[in-house]
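**Student:**
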Amino acid sequence: MGDPGRVLGRVDPHRGRCGPGDDEADREPAHHAKLRGILDVRILFLGAPGVGKGTQAERVGEALGIPHISTGEMFRRHVGSRTSLGLRVEEILSRGDLVPDVLTVEMMLERLRDPDTVNGYILDGFPRNLAQVHALDGAIGDYALDAVVVLEASDEVLTERILARGRTDDTGASVSNRLEVYERETAPLIHVYRERGLVLRVNGIGEIEEITAKILTALAAL
Numbered sequence: 049m050g051d052p053g054r055v056l057g058r059v060d061p062h063r064g065r066c067g068p069g070d071d072e073a074d075r076e077p078a079h080h081a082k083l084r085g086i087l088d089v090r091i092l093f094l095g096a097p098g099v100g101k102g103t104q105a106e107r108v109g110e111a112l113g114i115p116h117i118s119t120g121e122m123f124r125r126h127v128g129s130r131t132s133l134g135l136r137v138e139e140i141l142s143r144g145d146l147v148p149d150v151l152t153v154e155m156m157l158e159r160l161r162d163p164d165t166v167n168g169y170i171l172d173g174f175p176r177n178l179a180q181v182h183a184l185d186g187a188i189g190d191y192a193l194d195a196v197v198v199l200e201a202s203d204e205v206l207t208e209r210i211l212a213r214g215r216t217d218d219t220g221a222s223v224s225n226r227l228e229v230y231e232r233e234t235a236p237l238i239h240v241y242r243e244r245g246l247v248l249r250v251n252g253i254g255e256i257e258e259i260t261a262k263i264l265t266a267l268a269a270l
């Protein structure tokens with residue numbers, strides 16, 4: 049098996065593209081316009097709270113012409129449409145409980161069957177834990193993803209960013225708890241996908257446009 053820190057393409061899942069420790073996005077800018085409509089790619093975005101994952105997932109989705117699918121958007125869609133799944137989610141959230149994996153998986157798989165995903169998609173917020181990874185694997189295969197973009201920043205930077213938003217529910221203690229939950233439940237996914245050679249590590253510190261360009265350049269090299 050190749051170095052687990054390397055990035056692999058879809059054609060040969062055992063051939064690495066960059067060395068461990070590299071920021072795979074630090075390359076000469078690619079012709080990003082060539083990606084739209086040509087690159088059929090299925091991407092997962094991972095990153096701790098405050099790293100800008102949702103912002104980058106949306107921007108990259110727009111650049112590639114593929115849908116950005118987030119669990120939050122998915123929940124709002126079902127609740128707003130008053131679907132049977134949406135009513136169940138609404139009831140659960142109204143109690144302050146977390147949506148069970150079984151419901152999240154069911155909604156996500158339904159979303160991935162929509163026609164707009166035929167040329168690819170970007171997943172944001174799913175899978176969130178190992179149980180959801182196994183559910184996704186069972187439904188669409190171990191190599192249904194072509195890349196896993198991991199945005200990275202230190203806990204200090206993340207805490208500063210979140211607290212700077214000035215939201216009343218963002219406190220030092222709550223931010224620390226969210227980061228701990230991420231490390232416990234979601235960070236282990238990085239190891240799983242690194243073993244499959246899918247991980248693209250990107251520095252999440254910098255201007256929004258700069259980070260987007262780095263991600264697109266890395267994806268163009270797949």
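According to this note's numbering, the sequence shown is numbered sequentially starting from 49.
For each residue, glycine too, the CB sits at the ideal point set by N, CA and C.
Quantities reported herein were computed from a predicted structural model and do not represent experimental measurements.
1) Which one of Leu112, Arg107, Met122 and Val99 has the shortest CA to CA distance from valine 147?
2) Span of the alpha helix (DSSP H) holding glycine 120?
3) Note down, one range per segment and in chain order, each beta strand (DSSP E) of at least 3 residues found wholly within the region 200–227.
4) Decide yes or no for the touch test of the region 214–233 against the region 114–121: beta carbon pairs closer than 8 Å, at least 3 of them.
5) Cutting at 8 Å between CB atoms, please list the residues of its own chain near isoleucine 140, excluding the five before and the five after it.
6) Arginine 124 to alanine 266, Cα distance in whole Å?
7) Does the Cβ-Cβ distance between glycine 168 and aspartate 88 come in under 7 Å?
8) Once the 5 residues before and after glutamate 133 are set aside, which same chain residues still bring their CB inside 7 Å of it?
9) Could you give the first and the last residue of the continuous beta strand (DSSP E) run that contains arginine 249?
10) What did DSSP end up calling glycine 254 once you bin it into helix, strand or coil?
11) Rounding to the nearest angstrom, what Cα-Cα distance links alanine 105 and glycine 95 in this structure?
12) If you measure between the beta carbons of leucine 160 and leucine 92, is that distance less than 7 Å?
13) So does the region 219–226 actually touch the region 163–177, counting three or more Cβ pairs closer than 8 Å?
14) What separation, rounded to the nearest whole angstrom, lies between the Cα atoms of arginine 136 and threonine 234?
15) From the DSSP secondary-structure annotation, give me the bridge partner or partners of glycine 95.
16) If we count the other Cβ atoms within 10 Å of its Cβ and call it buried at 16 or more, is aspartate 172 buried or exposed?
17) With a threshold of 6 Å on Cβ separation, who are the neighbours of serine 118 within its own chain once the five nearest residues in sequence on each side are excluded?
18) Between Glu243, Val197, Leu237 and Gly245, which lies nearest to valine 99 when the distance is taken from Cα to Cα?
19) Please report the distance separating the alpha-carbon of arginine 176 from that of arginine 107.
20) Enumerate in chain order the residues of its own chain whose CB-to-CB distance from alanine 183 is below 6 Å, with the five nearest sequence positions on each side excluded.
21) Three-state secondary structure (DSSP) at arginine 242?
22) I'd like to confirm the pairing. Which residues does DSSP put opposite valine 196 in its beta bridges?
**Tutor:** On the basis of the supplied data:
1) Met122
2) 119–129
3) none
4) no
5) Leu146, Val147, Pro148 and Leu151
6) 31 Å
7) yes
8) Sequence inspection shows leucine at residue 133; the glutamate mentioned does not correspond to that position. The answer, listed in chain order, is His126, Leu151, Glu154 and Met155.
9) 247–251
10) coil
11) 11 Å
12) no
13) no
14) 25 Å
15) Per DSSP, none; premise fails for glycine 95.
16) buried
17) Asp172 and Gly173
18) Val197
19) 21 Å
20) Val153
21) helix
22) Leu92 and Val247
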